[in-house]
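First comes the structure, then the notes that go with it.
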Amino acid sequence: MKTAAIVLFALMYVLMIARPKYRPFYALAVAVIFLITGILPRAGKCRKRHEIVAGEATAYNERRYSPTSNRVKEGS
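Quick note on the numbering used here: the sequence shown kicks off at 30 and runs consecutively.
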């Protein structure tokens with residue numbers, strides 16, 4: 030999937046430089062292809078993924094800065 034995304038992006042970039050009059054159409058077409066193929070997730074999926082990452086970061090910070098922790102704090 031990464032290779033397909035890079036190839037599509039490069040192709041879009043070349044077309045946008047070669048034919049600036051159609052720049053918005055090329056960008057829109059590649060965005061639609063990214064959505065259809067699943068390279069770019071829909072908004073609902075992004076929100077859930079963001080919440081998971083934020084939750085993991087919060088849990089990490091709570092462990093790291095916990096006053097009851099006996100381990101040496103990194104970066105202190």
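A virtual CB, placed ideally from N, CA and C, is assigned to each residue, including glycine.
For clarity, every value in this text was computed on a predicted model and none was experimentally measured.
Between VAL61 and PHE38, is the Cβ-Cβ spacing less than 8 Å?
Here residue 61 corresponds to residue number 32 of the sequence shown, with the count starting at 1. Here residue 38 corresponds to residue number 9 of the sequence shown, with the count starting at 1. Cβ atoms of VAL61 and PHE38: not closer than 8 Å.
Mind checking MET30: buried by the 16 CB within 10 Å criterion, or exposed?
In the sequence shown, counting from the first residue as 1, residue 30 sits at position 1. The residue in question, MET30, is exposed, as its Cβ has fewer than 16 Cβ neighbours within 10 Å.
Is the beta carbon of PHE63 sitting closer than 8 Å to the one on LEU57?
Locating residue 63 in the sequence shown gives position 34, where the first residue counts as 1. Locating residue 57 in the sequence shown gives position 28, where the first residue counts as 1. For PHE63 and LEU57, no; Cβs fall outside 8 Å.
Hey, quick one: how far does the alpha helix (DSSP H) through MET41 stretch, first residue to last?
Against the sequence shown, residue 41 aligns to sequence position 12. Run containing MET41: 31–47, per the alpha helix (DSSP H) assignment.
Tell me which same chain residues have a C-beta within less than 8 Å of the C-beta of TYR42, skipping the five on either side of it?
For the purposes of this step, residue 42 is identified with residue 13 of the sequence shown, where counting begins at 1. Around TYR42: no qualifying Cβ.
Check ARG52 in the structure and name its three-state DSSP category.
Position 23 of the sequence shown, counted from the first residue, corresponds to residue 52. Of the three classes helix, strand and coil, the one that applies to ARG52 here is helix, per DSSP.
Between which residues of its own chain and ARG52 is the CB-CB distance below 6 Å, once the five residues before and five after are set aside?
As a first step, residue 52 is located in the sequence shown; it is residue number 23 there, counting from the start. Here ARG52 has MET45 as same chain residues with Cβ atoms under 6 Å from its own Cβ, once five neighbours each way along the sequence are excluded.
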